[in-house]
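S.K.: The opening position of the sequence shown corresponds to residue 0 in numbering that gives the first Met the number 0, with each subsequent residue numbered one higher.
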Amino acid sequence: MSELQRKMAEHGFESNDDYEYPVQVMLQQNADRIRCLMVEGPSERRKTAFANALANALDFPKILYHDFTQQHPPQPEMTLPPSQDELGRSETPVEAIDQVISEACAFSEGTDTILILDQLQAADFREHLRLYHFLQNAQWSYRDACYYANPQYLVVVLISEEPLFHSLQKCSFRVWVSATSENMPLFKPQDFGLQDDAAPMMAQLASLFEALGSTPTRSEYAHILHDIHQHARTVRALCHSLYGWTEGIAHEHLISKKIQPELRKTMQAIEEYLSEDAIEIGEIPLPK
């Protein structure tokens with residue numbers, strides 16, 4: 000597990016997939032324009048979890064977030080003073096997108112700042128154009144005000160459930176975040192404090208997960224092993240543990256006739272493992 004994987008897991012995004020390479024490629028771009036990461040993948044909030052965990056894992060002092068579908072965004076860290084026209088009339092309130100980008104510009108003057116713009120498909124196309132020009136020239140304008148970002152200290156993350164404006168895509172580095180991990184680790188008994196006699200049972204578990212099209216993370220697998228040692232004594236109980244702990248398992252697929260033979264084989268392997276005279280069933284250390 001890379002350092003980035005470990006730190007992202009600490010901040011709520013655990014994956015068998017290592018994103019260190021694409022993140023470093025994005026970060027090491029020339030700072031002549033704002034670096035931008037476009038997070039793509041299935042339409043779930045996993046992309047949002049990825050972006051927030053990444054921002055925290057990179058230890059950016061300032062993390063700003065805006066969701067275009069959020070009708071009542073939280074109060075900003077910086078409040079722009081109310082303005083009046085030449086006749087003393089108060090102008091309309093500042094739009095949330097203008098507020099958050101002006102904040103990002105201000106913080107980026109001397110502080111590493113990451114700006115996450117989520118659910119961009121809900122934004123007006125004109126906002127896509129404004130964002131494209133902002134990424135190109137680090138300048139954001141609204142009304143009579145103009146704000147400048149320092150590309151050396153600012154990173155923008157874009158998340159959308161639909162294809163973005165072509166020019167906006169071209170100035171971003173894309174990363175794919177799957178609904179579940181794509182990489183299946185080769186877990187060994189020693190990884191969880193078990194003896195070699197657990198290997199046949201774990202091999203059958205691997206076969207079951209392959210049939211399910213699912214790849215559990217280390218903590219998910221540890222939970223399942225704990226249940227096998229302490230609770231799961233029937234196929235139904237095993238199904239509850241598999242579904243309960245493993246992200247991405249479709250319930251309909253898990254209980255389908257197609258999976259039943261693998262479930263029975265797995266339960267048999269578990270029974271043979273637990274019935275070994277030499278085995279000492281102890282506590283599987285659960286992830287914190």
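Idealized CB from N, CA, C, for every residue including glycine.
Bear in mind that the values here come from a model prediction, so they are computed numbers and not experimental data.
Spatial neighbours of Phe164 within its chain, please: CB distance less than 6 Å, with the 5 preceding and 5 following residues excluded, ordered by chain position.
M.R.: Only His127 meet the Cβ criterion.
S.K.: Return the residue from the list Ser101, Ser107, Leu185 that minimises the CA-CA distance to Ser206.
M.R.: The residue with the shortest Cα to Cα distance from Ser206 is Leu185.
S.K.: Who are His65's beta bridge partners in DSSP?
M.R.: In DSSP, His65 forms a bridge with Leu116.
S.K.: From which residue to which residue does the beta strand (DSSP E) around Glu39 run?
M.R.: Glu39 -> beta strand (DSSP E) spans 34-39.
S.K.: Assign Asn295 to one of two classes, buried (16 or more other C-beta atoms within 10 Å of its C-beta) or exposed (fewer than that).
M.R.: A query on residue 295 cannot be resolved here, the shown segment of the chain reaching from 0 to 287 and no further.
S.K.: Compute the beta-carbon to beta-carbon distance between Ser236 and Ile269, rounded to the nearest angstrom, for a pair I have assumed lies under 8 Å.
M.R.: According to the sequence shown, residue 236 is Ala rather than Ser. Not really, about 10 Å apart at Cβ, beyond 8 Å.
S.K.: Hey, out of His252, Ile248, Val234, Leu193, whose CA is closest to Leu224's CA?
M.R.: It is Leu193.
S.K.: Go through its chain and collect everything with a Cβ distance to Thr233's Cβ below 8 Å, but skip five positions before and after it.
M.R.: Correct list, in chain order: Met266.
S.K.: On the three-state DSSP scale, how would you describe Ala144?
M.R.: Looking at Ala144 - three-state DSSP - the assignment turns out to be strand.
S.K.: If you draw a straight line from the C-alpha of Asp276 to the C-alpha of Ala198, how long is it?
M.R.: Note on Asp276: pLDDT 45, under 50, position unreliable in the model; the coordinate value appears next. Roughly 16 Å separates the two Cα atoms.
S.K.: Between the stretch 115-123 and the stretch 54-68, are three or more C-beta pairs nearer than 8 Å?
M.R.: At 8 Å Cβ cutoff, the stretches touch.
S.K.: Tell me, which residues are paired with Leu153 by DSSP?
M.R.: Paired residues: Thr112.
S.K.: Three or more C-beta pairs under 8 Å: does that hold for the stretch 211-223 against the stretch 238-247?
M.R.: Yes, since at least three Cβ pairs between the stretch 211-223 and the stretch 238-247 fall closer than 8 Å, the two stretches touch.
S.K.: Checking 7 Å against the spacing of the C-beta atoms, do Gly11 and Ala52 come in under that value?
M.R.: Closer than 7 Å, so yes.
S.K.: Does the Cβ of Gln203 have 16 or more other Cβ atoms within 10 Å, making it buried, or fewer, making it exposed?
M.R.: Buried: at least 16 other Cβ atoms inside 10 Å.
S.K.: Given a cut-off of 7 Å on the beta-carbon distance, is the pair Tyr272 and Met200 in contact?
M.R.: Cβ atoms of Tyr272 and Met200: closer than 7 Å.
S.K.: If we require 3 or more residues per run, which beta strand (DSSP E) segments fall completely within the stretch 170-214?
M.R.: Here the runs fully enclosed are 172-175.
S.K.: Does the contact criterion of 3 or more C-beta pairs under 8 Å hold for the stretch 12-21 versus the stretch 150-169?
M.R.: With the cut-off at 8 Å, the stretch 12-21 and the stretch 150-169 do not touch.
S.K.: Find out if the Cβ-Cβ distance for the pair Tyr141, Asp97 is shorter than 7 Å.
M.R.: Result yes, Cβ atoms of Tyr141 and Asp97 sit closer than 7 Å.
S.K.: Is Asn55 closer than 7 Å to Ser107 when the C-beta atoms are compared?
M.R.: The answer is no: Cβ separation not under 7 Å.
S.K.: What residues match up with Trp244 in a beta bridge as DSSP calls it?
M.R.: BP columns for Trp244 are empty, so no partner.
S.K.: Would a check of beta-carbon distances place Ala54 closer than 7 Å to chain D?
M.R.: The structure shown contains no chain D; it is built from a single protein chain.
S.K.: For Gln28, which of helix, strand or coil comes out of DSSP?
M.R.: It is coil, neither helix nor strand.
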